[in-house]
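Enquirer:
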Amino acid sequence: MMPASLTPILAFSLAHQGWEMSSGLSWLSSLLPAVACAGVEFRMDGKAEGVIDLQQRIKSAADVERLRLRVGGLLQRDGGEVPACWRMLEHAIGLGVFELPFDECWLELDHVAQGQLPALSCFIKFDDRVDAPDLAVRAERWLACFGQALGDGARSVLQRCQAACRPGQRVSYLGFMLGRPGAPLRLIVEGVAWDGFQPLLGGIGWQGDGEALQRELDFLFGHFDRIRLALTVGDAVEAAFGLECFVGRSGERDMRWSGALGALAGRGLCTEAHRRRIAAWPDTATPATASAPWPDAMLIDALAKGANWLGRLDFRISHVKLGFDGKALAGAKAYLGFVETWEDLAAPASVADPARRGTGPRSAGEACGAALDFLLDSRMPGGWWLDYPGLQNASDEWVSAYAANAILDHAGDAAALAAAARAWSLLSTSTRDGWGWNRVKPADADSSIWALRLAARLGAAGARQAHAGLDFLRAHMSQSGGLRTYARECVKQGPHSQPMLPAWFDVQDCVTAAAAGLEAFKEGALGHLRRSQGPEGAWTSYWWVDAAYPTALAVEALAASPQPGDRAIIGRAVDWAARRCVPAAGEDGARCGGPFSRALLARILGHAAYPDKALLTRLRDGLLQDQLADGSWTASAWMAIPLEGRSLIVVDGARIITSSTVLASLARLRHVV
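Using my numbering, read the sequence shown as starting at 60 and increasing by one per residue.
#1: Provide the residue span of the beta strand (DSSP E) that contains E734, from first to last.
#2: DSSP on H378, reduced to helix/strand/coil?
#3: When the Cα of Q115 is compared with those of A562, F161 and W165, which residue comes out closest?
#4: So what's P67 in DSSP terms, helix, strand or just coil?
#5: Across the segment 299-306 and the segment 379-386, are there enough close Cβ pairs to call them in contact, namely three or more that are closer than 8 Å?
#6: Evaluate contact between the segment 282-294 and the segment 237-245, counting only Cβ atoms and requiring at least three cross-stretch pairs below 8 Å.
#7: Using the C-alpha atoms, what's the distance from S437 back to G59?
#8: Can you tell me whether G206 is buried or exposed, with buried defined as 16 or more other CB within 10 angstroms of its CB?
#9: Suppose contacts are defined by Cβ-Cβ distances below 7 Å. Is P341 in contact with R312 by that definition?
#10: Go through its chain and collect everything with a Cβ distance to Y608's Cβ below 7 Å, but skip five positions before and after it.
#11: Relative to the C-alpha of C204, which residue among S377, G174, W145 and L128 is closest?
#12: State the start and end residues of the unbroken alpha helix (DSSP H) segment that holds I700.
#13: Tell me G98's beta-bridge partners as DSSP assigns them.
#14: Nearest to G149 by alpha carbon, out of R125, H170 and L445?
#15: What residue does the alpha helix (DSSP H) around S724 start on, and which one ends it?
#16: Evaluate W401 with the Cβ neighbour count: other Cβ atoms within 10 Å of its Cβ, from every protein chain shown; 16 or more gives buried, anything less gives exposed.
#17: Using a Cβ-Cβ cut-off of 6 Å (strictly less than) and excluding sequence neighbours within five positions of L87, which residues of its own chain qualify?
#18: Along the chain, where does the alpha helix (DSSP H) that runs through Y461 open and close?
#19: Can you tell me whether A575 is buried or exposed, with buried defined as 16 or more other CB within 10 angstroms of its CB?
#20: Please work out which residues of its chain come closer than 8 Å, Cβ to Cβ, to R785, disregarding the five sequence neighbours upstream and downstream, and give them in chain order.
#21: Unbroken beta strand (DSSP E) runs of length 3 or more, entirely within the segment 655-706: which are they?
#22: Where does S88 sit, in a helix, a strand or coil, going by DSSP?
#23: Just to confirm the assignment, what range does the alpha helix (DSSP H) spanning L585 have?
#24: So the candidates are A172, V123, Y447 and A477; which of them puts its Cα closest to the Cα of E163?
#25: Grouping DSSP H, G and I as helix and E and B as strand, with all else coil, what is R274?
#26: Given 8 Å as the limit, is there contact between the segment 539-549 and the segment 516-528, that is, 3 or more CB pairs closer than that?
#27: Under 8 Å, with one C-beta from each stretch per pair, do the segment 247-255 and the segment 440-457 reach the 3-pair mark?
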């Protein structure tokens, strides 16, 4: 008996999303096995409406066996002429093609009239840990199983592509487009940074308009975090290629997709209807929450897994692919999918990876170098930093501006300067006045302050975007000189904006202290800070768990522009920080809080009239001891986001804010201890 098909699972998934199951998708899904990891592909620009291709992932041995039985049964049953590509797949399965080293395989079925067998493509993600490093050798092995040979022209392109890849770039997928004329290959190259496409393509032998390509890449990287290159290879590399664009990290739900799709809609590459449908796709369904009965094949799999396993269906936006015809973007497709994931309820709680634990103390210079390397390596290929991934809307604009300011404290480093300049280049593409938590959140004063501080440090304060940002920021300044995070007249709420509390529009010390580092706001902000210091010596933090953040910024600003009486204000803050470092019984005074707090306390203590060098040395050495092997520090930049009736407590899971703060503090401490 032929095993179950994908059709019931796909029908359930589309119904969950409120999508209709077309006759075309019903037919295509009947050709594939019941493996609950699949996706649809369609044009976003309103052309070719109703033409939807289907994809399915084959990964495990059980998946392969279901595919073998399904394909074998179909071809035995089909009485008509069978396309050669299906015979190739049957032949390859019989030869054990899936016994070759691979990580996963994606089968793609092109839209076709019901009753016909569609064109078939097979995309292989290689397992670099066990497979041969030579790309042409890999291609030959798989093609041989399909009964095909690798032509000399294609071999040359593969060899040139492999040779042209810089460190960090690699061919992650090799596609065998068995149903297309000439059965071309498709290369998917990832890890390419914003400035790496032209050198890579030039090394392969592509001849196109490089300047036009870079203009389009600059547009795309202003809205997407990473872009893969999709090349079609026959006897030579085709002039047209695809740019596969991603938002966020794999498997994470990220509402910034709405803004990215809106940018494409502005170019006529996506209709408004498709923008809404795609942005609404991410979701999760379980047997308990689904509005329809769980598909039989998935119930059977769940019973086979056992009672300790909890299964769910995750709906994810994979990517969008923009065509580049050699001169401009041409056409756009969306790739939406779902995958069944499992959680072992009996598994013990995860523990920290020992490889990430501290490696022992480095010197301050070595620690700063390692931290800078971590921060540079943590950027998205476009140059953005992302952090606070636990939120549905990870931060890019604010985090990038903050991190770029921090790495500039590593004075004289060309890579740091280039990364900071790239961050400003991305920030300056904003089409609104001011900057925000990310590209889809309303612009706010705090994010704008860090962007403007970056512009000033890079000598870009005269740029049009900087002038617009200053005008935006002035609307947030109160008569007292303090700044509010949001100004009612400036807020433009988007579809995914968080409801705002009235207090979000009040003056906050943590925002004002950051603004005191800007020349245009220094006088007013310092006046407010002189009046708002708390009786214990600290300033109040609205958005942060620890008052060390606004207090460190306030002390630094006061020390840079002292007036009579400021030394006493700074002294009270220093005394507050020193009391924070007094250990309780059995505690280490060098570890008075997480790395984020300790780094800020050290910055405050460094401004004492007579710095306690012994205490500063203990704090510094504690930070050096706690640095992780990758150059980062344990996430400890805890934010407290006030909501209606509660506060959302979140930490910088990517460790960007913590590591940036410690790096900046170590750089400052070099002048004291």
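Beta carbons: idealized from backbone N, C-alpha and C, even for Gly.
No experiment lies behind these values; they were computed from the predicted model shown.
Expert: In short:
#1: The chain is shown only over 60 to 732; residue 734 falls outside these bounds and no answer can be derived.
#2: Position 319 of the sequence shown, counted from the first residue, corresponds to residue 378. Strand.
#3: The count along the sequence shown starts at 1 and reaches residue 115 at position 56. Ranking A562, F161 and W165 by Cα distance to Q115 puts W165 first.
#4: Taking the first residue of the sequence shown as position 1, residue 67 is located at position 8. Helix at P67.
#5: yes
#6: yes
#7: Past the boundaries of the shown model lies residue 59; the chain is included only from 60 to 732, so the question cannot be answered.
#8: Within the sequence shown, residue 206 is the residue found at index 147, counting from 1. It counts as exposed.
#9: The residue labelled residue 341 in the question sits at position 282 within the sequence shown. The residue labelled residue 312 in the question sits at position 253 within the sequence shown. Closer than 7 Å, so yes.
#10: Position 549 of the sequence shown, counting from 1, holds the residue named residue 608. Same-chain partners within the cutoff: C569, S600 and L659.
#11: Sequence index remark: in the sequence shown, residue 204 carries index 145 (1-based). Comparing Cα positions, the closest option is W145.
#12: Indexing the sequence shown from 1 puts residue 700 at position 641. Element bounds for I700: not the alpha helix (DSSP H) but the beta strand (DSSP E), M698 to L702.
#13: Within the sequence shown, numbered from 1, the residue matching residue 98 stands at position 39. Paired residue(s): Q114 and G396.
#14: By one-based count along the sequence shown, residue 149 stands at place 90. Correcting the residue identity first, residue 149 is Glu in this sequence and not Gly. Of R125, H170 and L445, the residue nearest in Cα terms is R125.
#15: In the sequence shown, counting from the first residue as 1, residue 724 sits at position 665. Unbroken alpha helix (DSSP H) run through S724: I715 to L728.
#16: For the purposes of this step, residue 401 is taken as the residue at position 342 of the sequence shown. That one is exposed.
#17: Position 28 of the sequence shown, counted from the first residue, corresponds to residue 87. Once the five neighbours on either side are set aside, the close Cβ partners of L87 are L113 and L168.
#18: Reading the sequence shown from its first residue, position 402 is the one you call residue 461. E456 to I466 is the extent of the alpha helix (DSSP H) around Y461.
#19: One-based indexing of the sequence shown puts residue 575 at position 516. Buried, because 16 or more other Cβ atoms sit within 10 Å of the Cβ of A575.
#20: Residue 785 falls outside the range modelled here, since the chain spans only 60 to 732, and no answer is possible.
#21: 698-702
#22: Mapped onto the sequence shown, residue 88 falls at position 29. Three-state result, S88: helix.
#23: One-based indexing of the sequence shown puts residue 585 at position 526. Its alpha helix (DSSP H) spans residues K581 to S591.
#24: Within the sequence shown, residue 163 is the residue found at index 104, counting from 1. Checked all of A172, V123, Y447 and A477; the closest Cα to E163 is V123.
#25: Locating residue 274 in the sequence shown gives position 215, where the first residue counts as 1. Helix at R274.
#26: no
#27: yes
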